[in-house]
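Okay, so the sequence shown: first residue is 495 according to the numbering used here, each after it adds one. Note that beta-carbon positions come from the ideal geometry of N, C-alpha and C, so glycine has one too. As structure tokens, the structure follows; a few thoughts come after it.
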Amino acid sequence: MNTIKLNQSNNMNSKKTISLLLLVLFTSISQINAQSVFISNTQNRTFTNLNGKWKYVLDPYETGQIGFMPVYKNSKPQDKTDRVEYSFDKAQTLWVPGSWNSQKPELTYYEGSIWYHKAFDKKDLSPEKRYFIYVGAANYISTVTFNGKELGKHEGGFTPFSYEITDLIREKDNFVIIGVNNSRAANQIPAKVTDWFNHGGITRDVKLLEVPSSFINNYFIALEKSSISNKTKKINGEIQLSGKVLPQTARIKIPELNVSKVVDISKEGICTFTIEVKNLELWSPESPKLYDIVLEAGGDVVKDQIGFRSIETEGKQILLNGKPIFLKGISLHDENPLRKDRANSPEDAAMVLGWAKELGCNFIRLAHYPHQENIVRMADQLGILLWEELPVYWGIDWEDPTVLEKAKKQYTELIYRDYNRASSIIWSIANETMGEPRNKFLISLASHIRSVDNTRLLSAAGKKDQAGDGHPDNEYTINDPIIKHLDIISFNEYLGWYGGLPAECRKKTFTSSTDKPIIVSEFGGGAVQGFFADSLTRWSEEYQEYLYKESIAMFDKIDGLAGMTPWILVDFMSPLRQLPDVQDGWNRKGLVSEKGYKKKAFYVLQKYYKSK
Ligand code: GCU
């Protein structure tokens, strides 16, 4: 068992130790060439689940003395005989996946570093295989070490990452230590203030992946849009392999379509292909058809279930498979309110998708950050279209070039994870942002996203006063300075909640100065479930019901309205919402309460969607 005991030195020594540590830390990080490989579709690969109880130790002053940087008695850190050990033996445990905030009262509002530790044995190690530690997400910065060696750091609270441990893993006494720091900072994504709870920790699955020595780490398979109206459809694909000795060819099989095609692999480990198919059944909300796909290369076989559809715009219309579609949506945070924690399981996904289906939705805005992969895969199966986004949210430091690089990297990770999901149709690049530096930043981000994935539509949730040149009386022009870089114009509008009464909605008109589809990406108001009063009593269910009726009537008049995602399906946790005996740490704009009870406004939206 790995045990590290801090040397009980006097204060002077410990100061020296800490400064030595920081020196060693910085030099060692610069030397780390983390074997980080993006591995998609981990659920269909061979893995050992490392979920469960992990030991943990707080590190509120971020000294990093916990685990991955063993403390040494003297100044020669390489000399192992001087190594004093630190023990996790007496440490308490946290459940993984899960935020630490939701598991320990003393950690409810903890923001800082926690070091997680998991020991495990691994029998039947094979020299023909490679091994990776995979993390579905950890919020916000993670430092991964394995058997005492630091593998790398990942920044981003909502996208997966993997590090290779092939040369380090052994049959007995392995230990993985992951340091997670959820501190907020101005140069992060999101920045310092968010209207959602900063759930810290390893919030999604951890797996020990085992793959052949050369394997298919990622692939991108999609219908060629231009073939949508032809009898013979085209499927484009790219397969990426990782390994020292790469196979010459790969095979793509779609058994139901009698497809079995061999393609050459370049020396860089890439192969691209186009397959022509007849009688392809397209994926849609009405008929969410998924095909079994088998990819073979060398000793690796990867299976997936992929739906084929096209998504594009034509004037003010959004076309799914060449036909106009109205997106009957709802916004959603990635949270199971019953556990006061991030959602992290198929059961969590099924609960909220069930409510969305009951509402009559064919569309969900996964706000404001990448949600768990289970919900994207389940949306594929249920036929629910998705808007996905990165938390490029309030207060982003637009002029810090490292922030733009972070946005590009995290968006690439999201696209790598969800590229093959038919349900995902829109990448949104920002929420309620404005100003010239914002425009420059987002134009660059949009261009990057299109370079990685040019099959989906781009949007950004704007604000009326940012998006439009609102006239003082009642006419608003919806626009976005960067609209020519987007496919859909979206805006958030809270008339009747943040200013004005619901009746004001009757006087307002919204027009768009661009010939593009419009999505109302947020509207709504708060209600305490079970608080009944008249329709002008704020926080009552009746007020919210009235607000929905008036808001829907106002937006339904918009020429070019292609969809809406009212804010929001379920009450969610937010440190900004502390109104005593009304909010108590919850944003109450949900149509369903944090206990799972529907409010009156739920049925207003349901009725509208039934009429569409
Ligand atoms: C904003 C923001 C949301 C927030 C909502 C609200 O528009 O985009 O993240 O929760 O309004 O005020 O409830």
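Collapsed DSSP secondary structure at Y992 in the structure displayed: Note: Y992 maps to coil in three-state DSSP.
Considering only heavy atoms of the ligand GCU, does any lie closer than 7 Å to the CB of D828? no
Leaving out five residues before and five after S636 in sequence, what residues of the same chain have Cβ atoms less than 6 Å from its Cβ? If we look at S636 and ignore the five residues flanking it on each side, its Cβ neighbours are H648, I672 and V674.
Taking only three categories from DSSP, how would you classify N711? strand
Excluding five sequence neighbours on each side, which residues of the same chain lie with their C-beta closer than 6 Å to the C-beta of A873? Annotation for A873: L880 and S917 place their beta carbon closer than 6 Å to its own, counting only its chain and skipping 5 residues before and after.
Completely contained beta strand (DSSP E) runs for the segment 679 to 709, where each covers 3 or more residues: 700 to 706
Cβ-Cβ separation, F532 to N712 (assumed contact under 8 Å), whole Å: Confirmed, Cβ separation roughly 6 Å.
First and last residue of the beta strand (DSSP E) that includes D874? Per DSSP, D874 belongs to no beta strand (DSSP E); it is in the alpha helix (DSSP H), E867 to L876.
Spatial distance of W594 from Y610 (CA atoms): The straight-line gap from Cα to Cα measures roughly 11 Å.
Buried/exposed call for A901, threshold 16 Cβ in 10 Å: buried
Here's a check: name, in chain order, each residue in its chain whose Cβ is nearer than 8 Å to the Cβ of W1033, leaving out the five neighbours to either side. G1020, A1021, V1022, F1025, V1076 and R1082
Can you pull the DSSP bridge partners for H979? For H979, which the question treats as bridged, DSSP gives no partner whatsoever.
Would you mind stating whether A791 and I748 have Cβ atoms separated by less than 8 Å? no
With hydrogens ignored, establish whether the beta-carbon of D689 is closer than 7 Å to any heavy atom of the ligand GCU. yes
Report yes if the C-beta of K1093 is less than 7 Å from at least one heavy atom of the ligand GCU; otherwise report no. no
Please list, in chain order, all residues of the same chain as N803 whose beta carbon is under 7 Å from its beta carbon, the five residues on each side excluded. Just to set this straight, residue 803 is Arg in the shown sequence, not Asn. Here the set comprises L717, L776, W777, S778, L814, N815 and A916.
Alpha-carbon spacing of S941 relative to A924, whole angstroms: 14 Å
Return yes when at least one heavy atom of the ligand GCU lies under 7 Å from the C-beta of H979, else no. Of the heavy atoms belonging to the ligand GCU, none sits nearer than 7 Å to the Cβ of H979.
Going by DSSP in three states, N914 sits in which element: helix, strand or coil? coil
Pick from K616, I1052, V590 and G809 that is closest to T660, judged by C-alpha positions: K616
Using 10 angstroms around the beta-carbon of D618, count the other beta-carbons present and answer buried if the total reaches 16, otherwise exposed. exposed
Which of helix, strand or coil does DSSP assign to L552? strand
Can you give the Cα-Cα distance for A1056 and Y887, rounded to whole angstroms? C-alpha of A1056 to C-alpha of Y887: approximately 23 Å in a straight line.
Looking only at C-alpha atoms, which of L1030, F1049 and Y863 sits nearest to G650? Y863
Can you give the Cα-Cα distance for K1001 and L951, rounded to whole angstroms? Going by the C-alpha atoms only, they are around 32 Å apart.
Measure the alpha-carbon distance for T540 versus V795 and round it to whole angstroms. 10 Å
Going by beta-carbon coordinates alone, are I608 and L702 separated by less than 8 Å? In this structure, I608 keeps its C-beta atom at 8 Å or more from the C-beta atom of L702.
Hey, would you say I937 sits closer than 8 Å to I982, going by beta carbons? It is not a contact, given that the beta carbons lie outside the stated cut-off.
Cβ neighbour criterion (16 or more within 10 Å) applied to V551: buried
If you measure between the beta carbons of P975 and L1041, is that distance less than 8 Å? no
Is the segment 815 to 829 touching the segment 1095 to 1106 in the sense that three or more CB pairs, one from each, lie closer than 8 Å? yes
If you draw a straight line from the C-alpha of Y625 to the C-alpha of L662, how long is it? 9 Å
Cβ-heavy atom distance, K1089 to the ligand GCU, below 7 Å: Because no heavy atom of the ligand GCU lies under 7 Å away, the Cβ of K1089 does not count as near it: no.
Between N1081 and the ligand GCU, is the CB less than 7 Å from at least one heavy atom? For N1081, the shortest C-beta to heavy atom distance toward the ligand GCU is below 7 Å.
Three-state secondary structure (DSSP) at M928? In this structure, M928 counts as coil in the three-state DSSP scheme.
Quick one: does the C-beta of N692 sit closer than 7 Å to a heavy atom of the ligand GCU? no
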